[in-house]
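A quick write-up on the structure given underneath.
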Amino acid sequence: MRSLLIIRMNNMICGPDQLESVVLPETLLEDNGYQASISVGADDVKSLLTKADAVVLDLPIEEITILEHILTHSRNIPMLWWCSPYTTSSSVQACEMESAIDGILTPTMKEQDLHWALHFAAKICVERQQWHSERQQLVSRLEDRKWIDMAKGILADMKKISEAEAYDILRKKAMNDRKRLVDVATAIVKAHQLLQS
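Take the sequence shown: its position 118, counted from the start at 1, is 118 in full-length UniProt numbering, and no numbers get skipped.
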């Protein structure tokens, strides 16, 4: 991981009289052998994102959610927050917001600290993507289960049989028609709803 995209919403992070004492993320990263591109708005983020290995958000924590949607839907790469006196002025409630931040960088970090922070952020990003994928699969399974349970209830009620027998009928129908069980169940539920209205 060598190429990093730094995102800040405006060029001036502090007053001109304070600029000398500010450690900018691009300065720290470039001094430690990393390449840094800078985006100062949401317009050029997508084009610069294609060349980056990770994103460093030099923003107050409450502004991260504005860009998070763009970043997570454009490309899944590690997102790190630049934690400096100018980005930490938020309230504690802002820190409790749900965000996809994979790590934190600070102005006082040395080369080894940066290396390990970026390494762990990459690892956390992969885990976050896996959790998201597993969650989607579980939600899909629950949705399928809902249709199957409704179809079993309809069949059991109409045929005056147990739900276990209704499940066997569903399973046999799916096998005979070479369809997924949930597709057969959905068709039964929708047909029943149509007949009821």
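The C-beta atom is built at its ideal place from N, Cα and C for all residues, glycine as well.
Discussion item. Taking the beta strand (DSSP E) that Ser37 belongs to, which residues open and close that run?
Written reply: Taken as a continuous stretch (DSSP letters only), the beta strand (DSSP E) holding Ser37 covers Gln35 to Ser39.
Discussion item. Helix, strand or coil, according to DSSP, for Ala54 in the structure here?
Written reply: It is a strand residue.
Worksheet item: Between which two residues does the beta strand (DSSP E) harbouring Ser3 extend?
Response: Note, Ser3: beta strand (DSSP E), Ser3 to Ile7.
Worksheet item: Under a three-way DSSP split, which group does Met79 fall into?
Response: It is a strand residue.
Worksheet item: Between the beta-carbon of Ala117 and the beta-carbon of Ala151, is there less than 9 Å?
Response: Going by beta carbons, Ala117 and Ala151 fall outside the 9 Å limit.
Worksheet item: DSSP state of Ile101, grouped into three classes?
Response: Under the three-state reduction of DSSP output, Ile101 falls in the coil class, being neither helix nor strand.
Practice prompt. Would you kindly report the start and end of the unbroken alpha helix (DSSP H) that includes Asp168?
Written response: Element bounds for Asp168: Glu163 to Asp177.
Worksheet entry | When Ile6, Asp157 and Ile66 are compared against Ser99, the one with the closest alpha-carbon | A check of alpha carbon separations from Ser99 across Ile6, Asp157 and Ile66 identifies Ile66 as the nearest.
Practice prompt. Say whether the segment 110-129 touches the segment 65-82, bearing in mind that this needs 3 or more beta-carbon pairs closer than 8 Å, one atom from each stretch.
Written response: Here the segment 110-129 makes contact with the segment 65-82; the two share three or more CB pairs at distances below 8 Å.
Practice prompt. Pick helix, strand or coil for Val126, following the three-state DSSP scheme.
Written response: Correct three-state label for Val126: helix.
Worksheet item: Buried or exposed: Pro25, going by 16 or more other Cβ atoms within 10 Å of its Cβ?
Response: Taking all protein chains in view, the Cβ of Pro25 is crowded by 16 or more other Cβ atoms within 10 Å, so the residue is classified as buried.
Worksheet item: Which residues in the same chain as Glu68 place their Cβ atom closer than 8 Å to its Cβ, once the five residues preceding and following it in sequence are excluded?
Response: Cβ contact annotation for Glu68 (same chain, cutoff 8 Å, sequence separation greater than five): Met79, Ser99 and Ala100, in chain order.
Worksheet entry | Proximity of Leu49 and Leu29 at Cβ, strictly below 9 Å | No. Outside cutoff.
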